[in-house]
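Colleague:
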Amino acid sequence: MNSYVNTAVGALLGTVFVLMSVSIASESLFHSENPEKEGFAIVAEEASAADAGGAAPAAAVPIAQLLAKADAKAGETVFKKCQACHDGTKGGPNKVGPNLFGVVDRPIGSHEGFAYSAAMKDFSKGASEKWTFDHLNHFLAAPKKYIAGTAMGFAGLQKDTDRANVILYLHTLADSPVPLPDPNAPDSATQ
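So the sequence shown is numbered by our numbering: it starts at 3 and just counts up by one.
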């Protein structure tokens, strides 16, 4: 062996020795015993039947009640987050996501010229399902939870007020907006 190989091997072995020594020394200095009793146990909840089916759990406050207090102007401000992927103008282009003009009460997965994911096509049941206020509320809360496999990469709007404001704003983006659900109706959550 030549002296360069011997030097390289010696340097490698010296480095390994120093690292192992430091590791052993730090282990003895900073070692701590496990506590006898855990301070706080984290328990995972069991998945409900709705979660197993891909649907998000029902919102705590029905969307009809949230829409009664919503502000479309505030929704327009929140919608700016959506404009990177969606256009809301009449006859506007599809971007990464479909154009959202007239989305409220439009059949799901039906906007012309947009290639929807297989998950969205399945969820739409052949475009027989519509974007109801309730569907929009759940989808905007957690898109990937509500429609497992959707290509929409948005994490969702966690605040009820933000979702309601955006949905009310989307409601205004139509030639003739559908009526808002009655907040006092007993089955207004399905609107």
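Think of the CB as a built atom: it goes at the ideal place given N, C-alpha and C, for glycine as much as any other residue.
How about Ile110 and Leu138: do their beta carbons lie closer than 8 angstroms?
Modeller: no
Colleague: Express the C-alpha separation of Phe81 and Ala70 in angstroms, rounding to a whole number.
Modeller: 19 angstroms
Colleague: Residues in the same chain with beta-carbon distance under 7 angstroms from Lys39, minus the five sequence neighbours each way, listed in chain order, please.
Modeller: none
Colleague: Could you please give me the residues that DSSP links to Lys92 through a beta bridge?
Modeller: BP columns for Lys92 are empty, so no partner.
Colleague: Which residues in the same chain as Gly151 place their Cβ atom closer than 6 angstroms to its Cβ, once the five residues preceding and following it in sequence are excluded?
Modeller: Ala121
Colleague: How many angstroms separate the CA atom of Ser5 from the CA atom of Phe19?
Modeller: 21 angstroms
Colleague: Which value, in whole angstroms, describes the spacing of the CA atoms of Lys83 and Lys75?
Modeller: 14 angstroms
Colleague: Using a 10 Å radius around the Cβ and a threshold of 16 neighbouring Cβ atoms, would you call Asn186 buried or exposed?
Modeller: exposed
Colleague: Whole angstroms is fine: what's the gap from Gly2's alpha carbon to Phe135's?
Modeller: Nothing can be reported for residue 2, as the shown portion of the chain is limited to 3 through 193.
Colleague: Apply the 10 Å Cβ neighbour rule to Glu48 and answer buried if 16 or more other Cβ atoms are within range, or exposed otherwise.
Modeller: Residue confidence for Glu48 is low, a pLDDT of 49 falling below 50, so the modelled location carries little weight; the figure read from the coordinates is stated next. When all chains shown are included, Glu48 counts as exposed.
Colleague: Look at the Cβ atom of Leu172, then the Cβ atom of Val106, and state whether they are nearer than 8 angstroms.
Modeller: Yes, the pair counts as a contact, with Cβ atoms nearer than the cut-off.
Colleague: Following the continuous alpha helix (DSSP H) through Pro145, name the residue where it begins and the one where it ends.
Modeller: 145-148
Colleague: Taking C-beta to C-beta, are Ala72 and Asn167 nearer than 8 angstroms?
Modeller: yes
Colleague: What is the C-beta distance between Ile149 and Phe141, in whole angstroms, given that I count them as a contact (C-beta under 8 angstroms)?
Modeller: 7 angstroms
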